[in-house]
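I have placed the structure first, in the form of structure tokens, so that the comments after it can refer back to it.
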Amino acid sequence: MTPTTLVQSVDWLAIAPPTLTAVVALAVLVADLFVPERHKQLLGWTAIAGLVASIALLVPLRAGDRSTFCLTTEPAATAACSYTVDRFTLVIQFLVLGGALLTALLSLSDTRDRLPAGEYWFLLLSSAAGAALLPASRDLATLVVALEVASLPAFALVGMRRGDRRSSEAALKFFLSSVTATAVTLLGVSFVYAATGTLHLTEIAQRLDDVPAGLETLAQAGVALTLVGFAFKTAAVPFHFWVPDTYVGAPLPVAGYLSVVGKAVGFTGLILVTVVAFPSYADIWGPALAVLAALTMTVGNVAALRQVSTREWSAVRLLAWSSVAQAGYLLVPIAAAAYSSDDQVGATLAYALMYAVVNLGAFAVAVLVSRTHPENRIADYRGLYAASPLLALTMGFFLLNLAGLPPGIIGLFAKVTVFSAAVDAGLGWLAVIMGVNVVIGLYYYLRWTALLFREPVGERAHARVPAAVTLAIGLAAFAGVVLSGYPQFALRFAAESLF
């Protein structure tokens, strides 16, 4: 028997990215007590510098071969460890920290004018630290803690606009739905632990192969409840009801953050529990996720199609329902992993990278448009090309990428990769449903894109463009162009094993 040790060494470099983000969050909160009002912007730039440094700390880890907090003195490849840095971890950490960085750039002007700076930056960085911890988690306890560290600050971020009834209502809906999801997840985790006697994902996978007959029903219930809990986090239908109102009530940068980083958190947890911990029950979660994927993409696209362009907040609502539909596409490769021995998770990562870049870019443009059109209707984007050609072309680029059309090649390639994952796994019916939904999505994305280039109605108001918002839009557009010119950078993750 391999000896265990209660004294564990800590690989500080491995845990550096989420740790530094958390330390900067605490530093900003304490500094807020002493920094005078006229210098509060320094807190924002400190948060941005911390996120840049955390992203830079991913470079020394690029080999993806480190682990820490291990149970035994065995080599990392065979030991049961609570924290592992592999290529999967690095990709998700880059995604969530990069998404938090773009959100921080979009939030600078709001924290100067409308939002309490110290609290906002502390909450944003705390959520980002939890989101960065989650992909490295390899036991259920760490996974749930990371999930809550990422989620709890997000409730407060959504309700940050004090005195705004819509914001308070959105925060309450988001809180209640997430608490329900957490309760269900914890119940499922407790059942799994009772049936297997361990919390480490790799050990759970081994012990679920040989569960005593008396505990088999308990194990099955635990697997099912855990999956339901993460389905809430990913906004999969029918657990999606909180999304539109939450996005509308939240500050726009926070809505963009939730649409990308919040979804990355949910999908990361779902991948870890299904592919790593529950492969023995692939015959249960595979069909369930395939049905959820079909329902999610269909409901999201049909609801986005029905948005009225003159309705208040219709632009944000369309992006919200679009994010639900995109969640359906992201579920397809995870479901396919249950039917195929080939690694399919890479297709989800490739799609997530594309989606993160262009969706945050679309929200960044929405932040800019809201400065002159606070109701943010789709109709408010009419004639944007006449007033700001570069901004209109950029928004069109983001929308066409989401639709999967050129010139954004990465959007097309990402959808083809997901489609191929379904076909290769023998899920032809799911591939057909995805094809129909892609066509539905083409209509409302192209309708919005065409509106950008139509003749404006009256004179468009002009507002000062904050440099940070311009930088965020530029970074998103640059990343989209690079990925379109070199899609293999993202798509290679679909061809290589990540676990």
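Its first residue numbered -4, the sequence shown is counted upward by one per residue in the numbering used here. Heads up, the beta-carbon is just placed ideally off N, CA and C, and yes, glycines get one too.
Discussion item. Starting from S275, trace the alpha helix (DSSP H) in both directions and tell me its first and last residue.
Written reply: Segment: none, S275 is in no alpha helix (DSSP H) and carries neither H nor E.
Worksheet item: Which residues does DSSP pair with S62 in a beta bridge?
Response: T79
Practice prompt. Inspect the CB distances between the stretch 397 to 413 and the stretch 367 to 374 and report whether three or more fall short of 8 Å.
Written response: no
Worksheet item: Between W316 and A299, which are expected to be in contact by the criterion C-beta below 8 Å, what is the C-beta distance as a whole number of angstroms?
Response: 4 Å
Fill in: Segment contact, 8 Å Cβ cut-off, at least three pairs: the stretch 200 to 217 with the stretch 249 to 264
no
Worksheet item: From A359 to D205, what does the alpha carbon distance come to, in whole angstroms?
Response: 50 Å
Discussion item. Please report the distance separating the alpha-carbon of P148 from that of A124.
Written reply: 11 Å
Worksheet item: So, helix, strand or coil for D159, using DSSP?
Response: coil
Worksheet item: So which of L85, A58, H195 and A351 has the shortest CA-CA distance to L314?
Response: A351
Discussion item. On the criterion of 16 or more Cβ atoms from any shown chain inside 10 Å, does V91 qualify as buried, or is it exposed?
Written reply: buried
Worksheet item: DSSP on D134, reduced to helix/strand/coil?
Response: strand
Worksheet item: Measuring from the CB of A178, is there a heavy atom of the ligand HEM at a distance below 6 Å?
Response: The ligand HEM is not among the ligands present in this structure, which contains no ligands whatsoever.
Worksheet item: Considering only C-alpha positions, which residue in the set V411, N354, A426 and P384 is nearest to L470?
Response: N354
Practice prompt. Enumerate in chain order the residues of its own chain whose CB-to-CB distance from L37 is below 7 Å, with the five nearest sequence positions on each side excluded.
Written response: V30
Item to complete: Just mark T305 as buried or exposed, buried being the case when its beta carbon has 16 or more other beta carbons within 10 Å.
Response: exposed
Practice prompt. Answer yes if the stretch 419 to 429 comes into contact with the stretch 324 to 343, meaning at least three C-beta pairs across the two stretches below 8 Å, and no otherwise.
Written response: yes
Worksheet item: Within the chosen definition, does the stretch 261 to 272 reach the stretch 133 to 146 through at least 3 CB pairs nearer than 8 Å?
Response: yes
Worksheet entry | Beta-carbon proximity check, A99 vs I43, cutoff 7 Å | yes
Fill in: Which listed residue (T241, V427, F393 and A463) has its alpha carbon closest to that of V476
F393
Worksheet item: Per the contact definition of three or more C-beta pairs closer than 8 Å, is the stretch 189 to 202 in contact with the stretch 276 to 296?
Response: no
Discussion item. Taking 7 Å as the threshold (C-beta atoms), are T291 and S238 in contact?
Written reply: The amino acid at residue 238 is misidentified as Ser; the sequence shows Val. Cβ distance not < 7 Å, so V238 and T291 don't count as in contact.
Worksheet item: Who are the near neighbours of V473 in its chain, counting only those whose CB is closer than 6 Å to its CB and skipping five residues on each side?
Response: Reading off the sequence shown, one finds Phe at residue 473, where the question assumed Val. Cβ neighbours of F473 beyond the five flanking positions: none.
Discussion item. Please state whether the Cβ-Cβ distance between V179 and V223 is less than 7 Å.
Written reply: yes
Practice prompt. For L8, count neighbouring Cβ atoms within 10 angstroms of its own Cβ and tell me buried if that reaches 16, exposed if not.
Written response: exposed
Worksheet item: How about L24 and G113: are their beta carbons less than 7 Å apart?
Response: yes
Practice prompt. Could you check which residue in P384, M390 and L120 has the C-alpha nearest to that of W40?
Written response: L120
Discussion item. Considering only their Cβ atoms, is the gap separating F64 from S77 smaller than 7 Å?
Written reply: yes
Practice prompt. Answer with buried or exposed for A72, where buried requires no fewer than 16 other C-beta atoms within 10 angstroms of its C-beta.
Written response: Below a pLDDT of 50, predicted positions are generally treated as unreliable, and A72, at 48, falls in that range; the measurement from the model is reported next regardless. By the neighbour-count rule (16 or more Cβ atoms within 10 Å), A72 is not buried but exposed.
Fill in: Range of the contiguous alpha helix (DSSP H) that encloses V19
A11 to A26
Practice prompt. Specify the secondary structure class of H368 as computed by DSSP and reduced to three states.
Written response: coil
Discussion item. What does the Cβ neighbour count give for S512, buried or exposed, with the cut at 16 atoms within 10 Å?
Written reply: An answer regarding residue 512 cannot be provided, because it is not within the stretch -4 to 494 covered by the chain.
Worksheet item: Mind checking V311: buried by the 16 CB within 10 Å criterion, or exposed?
Response: buried
Discussion item. Tell me the rounded alpha-carbon separation between G323 and R33.
Written reply: 45 Å
Practice prompt. Can you tell me which of R107, S172, S62 and F169 puts its alpha carbon nearest to the alpha carbon of D134?
Written response: S62
Worksheet item: How should G192 be labelled, buried or exposed, when 16 other C-beta atoms within 10 angstroms of its C-beta is the threshold for buried?
Response: exposed
Worksheet item: Are G217 and V174 touching if we call contact CB-CB under 7 Å?
Response: no
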